[in-house]
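Asker:
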Amino acid sequence: MAETLLTIRDLTKFFPGIKALDNVHLTVRTGEVHALIGENGAGKSTLVKILTGVYFPTGGTITLEGRELNFKNAIDAQQAGIVAIHQEASMFLELSVTENIYMGHHLRHPKTKRLDWKGMREKTGELLKQLELAIDPDTLVKNLSVAQRHMVEIAKALSLNAKVVIMDEPTSALTTREVEDLYRIVRQLRKEGKAIIFISHKFEEIFEICDYYTVLRDGQYIGEGKVADTSTDEIINMMIGRNIDHMFPKKDPNIGDEILAVENLSQLGAFQNVSFSLHKGEILGFFGLVGAGRTEVMRTIFGIDKRSGGSITIGGKPYAPKGPHDAMAHGIGFVPEDRQRQGVILSMSIGKNITMPQLSSLCRFGITNAKKELEVTKTYGEMMEIRAAGWHVDADTLSGGNQQKVVLAKWIGTNPRILILDEPTKGIDVATKAAVHEFVSQMAGEGIAVILISSELPEILGMSDRVVVMHEGDVTAVFDRKEMNQEQIMRAALGETKEALHG
Amino acid sequence: MGDMHMKNTRDGNILQRVSKVLLARREASLVILLAVILVPIVIRSPQFLSFTNIDRIINDISILSIVAIGEFFVILSNGIDLSVGSIIAFSGMASGMLNEAYPQVPVFFLLLLGTGLGAVMGAVNGALVAYGKIPPIITTLGTMSIYRGLTFVLSKGTWVTAHEMTPNFIGFPRQSFLGISALIWMALIVIVVTYYFSRFTRSGREIYAIGGNATAAKFVGVNEKRIRFMVFVISGTLFGFAGSLWTARYASAVNEMATGFEMQAVAACVLGGVNFAGGAGAIPGVVLGALFLGVLNNALPVVYLSTFYQTLVQGMVVLLALVINTVVDQRKTRKLLEQRRAR
Amino acid sequence: MAEQRDLVAKTRLIQEAGWRNTLIELFTKWEVLLGMIFVLMVVFFSNLSPYFLDYFNLMNATFQFSEKAIMALPMIFIIMCGDIDISIASIIALCAYAVGTASAAGVSTPGLIAIGLAVGAAAGMVNGLLITGFNMPAIAVTLATQSIYRGIAQAALEERAMTKYPSQFGFFGQEFIPGTMIPFELVLYIGLAIVMGFVLHKTSYGRRLYAIGSSPEAARFSGIKVKKIRIINYTLMGLFSGIAGVLLTSRILSARSNIATSWDLEVITLVVLGGVSINGGKGTMWGVVIASFLVGYLKFGMGLLKLSGTIMTIVIGTLLIIAVLLPRLLDGYKNNRKMRRQQAQAALQSAHA
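Right, dumping it as structure tokens:
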């Protein structure tokens, strides 16, 4: 008889300016595989971080086996029996599988206190055998494939006597055969009475092994139910159903000639045969779910990573950047996804951040000119309406929204022909979001070609003139504004190509 | 089970299995390199592999092995200890001076003194790094000067010569037990003890964890401060021990002794496959690295190079080892990335 | 009544925070602290020895530290970017060997200088290319080249010393600007310090150094050519080591393979003492210049007091550790005050509510 194992009620989490979770409910029983569904930004990872003790909830309760939980840190969560399997594992690459599982609680011979490698190896072997994995316990983790590392993480969770195992997009880097292995393991865990919270956007998986589901949208609890009683359409409806018309100030587009053409671009291991074109004054949306490969494509265009095949032309001329400086020389700007590590230099002032890409042009013989810099800073800083005590203030004192404005100001200042924005409104308060959208429209209106990577359907639908949808490194569909609708885009993102969509 | 079946060492015929196991470890490439270098040398000078010569080489590297192992633990934890030479000097000087002033003190106690002093100096390093949170390179840069200065203060500028020390002490390293010199026995004991520590104790393994992935280590409950402190105490202890042995072996204690020795210690580690980023390496590798250096130095006259070529040859070998290690690692990572999406 | 007193105390705490904060900000500024220590040192030594504040003595003393101070300048660039170079003393040895050999072969002074600088720059460039080309840790690579460069000099020179130099050659390391008592070396140092300081603080190159040190990824994403800049830094380091090598050789008119041993770590000490964070991204030229003079005159003063060189090493080692430890302790103190102030403010607000 399945009893309730984990109950989450009214869970709320505030970040400065953002409500990440708004009274979310979740109920998981023993021996149940529970799918947690939602778009990027729906609140799934915040929920997981709270369950694993990384974040503290602002409100709400979490009950495990009838006892209310209050984690002080990640180790507390682990000891309570809640374990999460991460994508990029927290593993010790130079150590063996056995040791990765046993670090922190090595087994010892009772009398001599000498480490009992034989015992640990045997137990690990048993664990691996239980999961039917033919991995040698002595193999160093660095020599394992991503799929195998995943499996080892699961084995580790088992060794820690986990009661609730959280799997976050576990199959995004696995082959079909490896996915079958994962299913087998999940079924086994279920048989042992463990509860599994399975986060995935792949419907075939959800319908294959999940028993129940809960849908989140914009940080809110939308609904739950038995997987057997529902359909893909119903779930998609819950994921995206909302009013989207009035949020975006879409100006009438003034689309000009083609400025960027990408043909059969490939990067081994990241994406393959990507082709698309970009026009002046156009906002080209790039939609996809985790692991789709959009960022990787843009990094290649911006010169950070190398391509393994294909070609790019700008304004008709072949383009092969040797680095970001080359891309910038061709008029490309890139607002990266990781704002704090790649977008701004936190320990430098707003002014210095804004002038950084165009520093050379503001200098005479390389000598900096504070007056010119201040002019530029003021122009673009005010254009973006950055709120701060002064231009000399360090960037790390700013809110996320203002930091993003700094990044935007910095790139606008370079007068780009092509501007690539990677998740520009992720983790930003609503007011700044609207400002960013207004701004992007304006720039497109002035003839700049914009590529907008986003995982938020409303944003894509509201802003884009056309949408390129990617799925696991392939371009599955390109939609024109007239033919865009949420469901088709979502299906394309889930892997159905345009041909399949139109039958 | 399909793709899960890769890399299982129980596959393949004997030759494949052996080479797979060997090449999987960094030390293997060193052994091969060593063998390759030895061939022309032995051809030109067969007595290179004579018992006396091998004995000489191993005696030469005994102290280096002990010191390199100490440095190994620090590098393993993602740090570096530059105060090696100074700790050796201070303990060595102290032992020498004690022997001079009180010749009746037994050898055992002299060794203990050096070791104890080294432990204290290591503890100071450890405290500054673990609790003062000062980066190891700066801490040991500072203590390197301080300890060396204290050596001068201790000796009041003088030094201890062979005549001023007892034959018991000076002769100790050469005393033979079961055909092997006491010095080599000391090194062997250190190797065995530290090997046991690094493979069969929790703390030993936690050093690997902290060096490999400090965040993950803390996540599973490893006490970072304690480990970082311990690592320097270990290295200090070993350096101190080596210091007493040094004075005995070279029958002198001068203020400048062991200057620059940190470079040899680190070189032995690099050759032995210890990764500067931390978390990788093993005692056998370090000993092999020291052995490699010993063979190199000893082989110089065979190829008609004066001992003045020692430094240059060492540097080139270390650079070569570095490049090889880096390129091999990069190639492995690239292969793994490519496997990722190979459907 | 008690409540009112409490409120008054809390209000005062917040008000006082104003000027007290400024004072704390000022006094925890590294350069100011260094300056104060410098002044203290001057007072200390001038009280203990009548020879300290003698113009000629002070000028003469700079010979002992000018070369190291010159090498500290490009080392700032290197450490600022998060790199390190411990092969610099060996580059001096290599340059000294090259210059000595050339001199023995009859090359004239201008040629000797050119050779010294060229060899240094080349050695530095090799460092830079190895580190950036293979993506290897700087400390490991420069550890190896440290042995290689000095090894070349050792293998070639063995125990010998090169002592044949043209007569004019001695000018750079020994002489003064004609008519004054100011040593050429000192003038050269000050000139180079001004140039390098200008580059660091007032040019785009310098700005980029700070960016690379603060956040190498963001720097790259902003179009900064990180690899190229690192190679330039190492080449500059080699060049300045060459300058130091020429000056040193010119001063002592002799070159042995063990020349300038341990200078690498001394130069790094100067830079770190000067307030440049070992992780990069922070520091000023002023700090390093003050630190160079501080250490230089500290040694001079201790020499006057007949304190052995060994006490000097102890003092400098201790100074280095305190210099790094102190800010961390002060930071902790600052954070405590900030927290207490914030708590007081919160309490005040809820009291008024």
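Chains as they are written, first to last, in this note's numbering: chain D, -19 to 483; chain Z, 2 to 344; chain G, 9 to 361. Where a beta carbon is used, it is the ideal one built from N, C-alpha and C, also for glycine. This one's a predicted model, so the numbers in the text were calculated from it and none came from an experiment.
Counting only C-beta atoms, is G:Gly128 closer than 8 Å to chain D at any point?
Answerer: Not closer than 8 Å to any Cβ of chain D, the Cβ of G:Gly128 fails to qualify, so no.
Asker: State the beta-bridge partners of D:Ala457 as determined by DSSP.
Answerer: Answer is D:Val449, bridged to D:Ala457.
Asker: Excluding the five sequence neighbours on either side, which residues of its own chain have a C-beta within less than 8 Å of the C-beta of G:Lys235, listed in chain order?
Answerer: Cβ within range, chain order: Thr140.
Asker: On the criterion of 16 or more Cβ atoms from any shown chain inside 10 Å, does D:Arg471 qualify as buried, or is it exposed?
Answerer: D:Arg471 is buried by the Cβ-count criterion.
Asker: Per DSSP, what kind of secondary structure is D:Lys(-7) in: helix, strand or coil?
Answerer: It is a strand residue.
Asker: Should G:Gly246 be labelled buried (16 or more other beta-carbon atoms within 10 Å of its own) or exposed?
Answerer: By the neighbour-count rule (16 or more Cβ atoms within 10 Å), G:Gly246 is buried.
Asker: Helix, strand or coil for Z:Met7? Go by DSSP, reduced to three states.
Answerer: Only weak support exists for where Z:Met7 lies, its pLDDT of 36 falling under 50; the value from the coordinates is given anyway. In this structure, Z:Met7 counts as coil in the three-state DSSP scheme.
Asker: Using only alpha-carbon positions, find the residue among G:Thr318, G:Leu338, G:Ala130 and G:Ile286 that is nearest to G:Ala146.
Answerer: The candidate whose alpha carbon is nearest that of G:Ala146 is G:Ile286.
Asker: Do G:Ile298 and G:Leu42 have their beta-carbon atoms positioned less than 8 Å apart in this structure?
Answerer: Yes, these two residues count as a Cβ contact at 8 Å.
Asker: What does D:Met336 touch in chain G if you count any residue whose Cβ is under 9 Å from its own?
Answerer: In chain order: Arg215, Arg216, Ala219, Ala226, Ala227, Ser230, Gly231 and Ile232.
Asker: Report the start-end ranges of each beta strand (DSSP E) in the stretch 40 to 109 of chain D that is 3 residues or longer and not cut off at the edges.
Answerer: Within the stretch 40 to 109 of chain D, the complete beta strand (DSSP E) runs of at least 3 residues are 62 to 65.
Asker: Going by other Cβ atoms of all chains shown within 10 Å of its Cβ, with 16 needed for buried, is Z:Ile181 buried or exposed?
Answerer: Result: exposed.
Asker: Hey, quick one: how far does the beta strand (DSSP E) through Z:Lys219 stretch, first residue to last?
Answerer: Segment Ala215 to Phe220 is the alpha helix (DSSP H) holding Z:Lys219; no beta strand (DSSP E) there.
Asker: Tell me the rounded alpha-carbon separation between G:Ser258 and G:Phe179.
Answerer: Cα-Cα distance, rounded: 7 Å.
Asker: Say whether chain Z places a C-beta atom closer than 8 Å to the C-beta of D:Phe72.
Answerer: Taking Cβ atoms only, chain Z reaches closer than 8 Å to D:Phe72, which makes this a yes.
Asker: Going by C-alpha to C-alpha distance, which of D:Leu31, D:Leu(-15) and D:Thr10 sits closest to D:Leu1?
Answerer: The option with the nearest alpha carbon to D:Leu1 is D:Leu31.
Asker: What distance in whole Å lies between the Cβ atoms of Z:Met317 and G:Ile156, which are believed to be in contact at a cut-off of 8 Å?
Answerer: Indeed, because the Cβ distance is near 6 Å, the residues count as touching under 8 Å.
Asker: Would you say Z:Met187 touches the ligand FMN, meaning its beta carbon is less than 7 Å from a heavy atom?
Answerer: Absence of the ligand FMN from the depicted structure is noted, as is the absence of any ligand whatsoever, leaving it without description.
Asker: Would you call Z:Gly3 buried or exposed, if buried means 16 or more other Cβ atoms sit within 10 Å of its Cβ?
Answerer: Any answer about Z:Gly3 is weak, because its pLDDT of 35 lies below 50 and its placement is not dependable; what the coordinates show is given next. By the 10 Å Cβ count, Z:Gly3 comes out exposed.
Asker: Rounded to the nearest angstrom, what separates D:Ala473 and Z:Ser66 at their Cα positions?
Answerer: When rounded, the distance between both Cα atoms is 59 Å.
Asker: Work out the CA separation of Z:Ala218 and D:Thr147 for me, nearest whole Å.
Answerer: According to the sequence as given, residue 147 of chain D is Met; it is not Thr. Looking at the two C-alpha atoms, the distance is approximately 21 Å.
Asker: Do you know whose CA, among D:Ile431, D:Glu133 and D:Ile408, lies nearest D:Asp402's CA?
Answerer: Out of D:Ile431, D:Glu133 and D:Ile408, D:Ile431 has the C-alpha closest to the C-alpha of D:Asp402.
Asker: In angstroms with no decimal places, state the Cα-to-Cα distance between Z:Asn256 and G:Tyr59.
Answerer: Rounded to the nearest angstrom, the two C-alpha atoms are 30 Å apart.
Asker: So what's G:Asn266 in DSSP terms, helix, strand or just coil?
Answerer: The answer is coil: DSSP assigns G:Asn266 none of H, G, I, E or B.
Asker: State yes or no: is the beta carbon of Z:Thr140 nearer than 8 Å to at least one beta carbon in chain G?
Answerer: Taking Cβ atoms only, chain G reaches closer than 8 Å to Z:Thr140, which makes this a yes.
Asker: Strictly under 8 Å for the Cβ-Cβ distance: is G:Ser222 near chain D by that measure?
Answerer: Yes, its Cβ sits closer than 8 Å to a Cβ of chain D.
Asker: In angstroms with no decimal places, state the Cα-to-Cα distance between D:Arg(-11) and D:Gly46.
Answerer: Distance between the alpha carbons of D:Arg(-11) and D:Gly46: 13 Å.
Asker: D:Tyr201: which of D:Glu19, D:Arg319, D:Glu12 and D:Arg367 sits nearest, CA to CA?
Answerer: Considering only alpha carbons, the answer is D:Glu19.
Asker: So, is D:Gln252 buried or exposed, given that buried needs 16 or more other C-beta atoms within 10 angstroms?
Answerer: By the 10 Å Cβ count, D:Gln252 comes out buried.
Asker: What span of residues does the beta strand (DSSP E) with D:His372 cover, start to end?
Answerer: From DSSP, D:His372 is part of no beta strand (DSSP E); its letter is neither H nor E.
Asker: Return no unless some Cβ of chain D is closer than 8 Å to the Cβ of G:Gly283.
Answerer: No, because no Cβ of chain D sits closer than 8 Å to the Cβ of G:Gly283.
Asker: Would DSSP call G:Lys172 helix, strand or coil?
Answerer: In this structure, G:Lys172 counts as coil in the three-state DSSP scheme.
Asker: Going by beta carbon distance, what residues of the same chain come within less than 7 Å of G:Glu274, once the five residues before and after it are set aside?
Answerer: Answer for G:Glu274: Lys76, listed in chain order.
Asker: Short of 7 Å in beta carbon distance, which residues of its chain neighbour G:Gly317, apart from the five on each side in sequence? Order them along the chain.
Answerer: None.
Asker: Looking at chain G, is there any beta carbon in it that lies within less than 8 Å of the beta carbon of D:Gly105?
Answerer: For D:Gly105, the answer is no, since every Cβ of chain G falls outside 8 Å of its Cβ.
Asker: Please identify the residue among G:Lys342, G:Ile87, G:Ile121 and G:Met67 whose C-alpha is closest to the C-alpha of G:Leu208.
Answerer: Closest option to G:Leu208, Cα to Cα, is G:Ile87.
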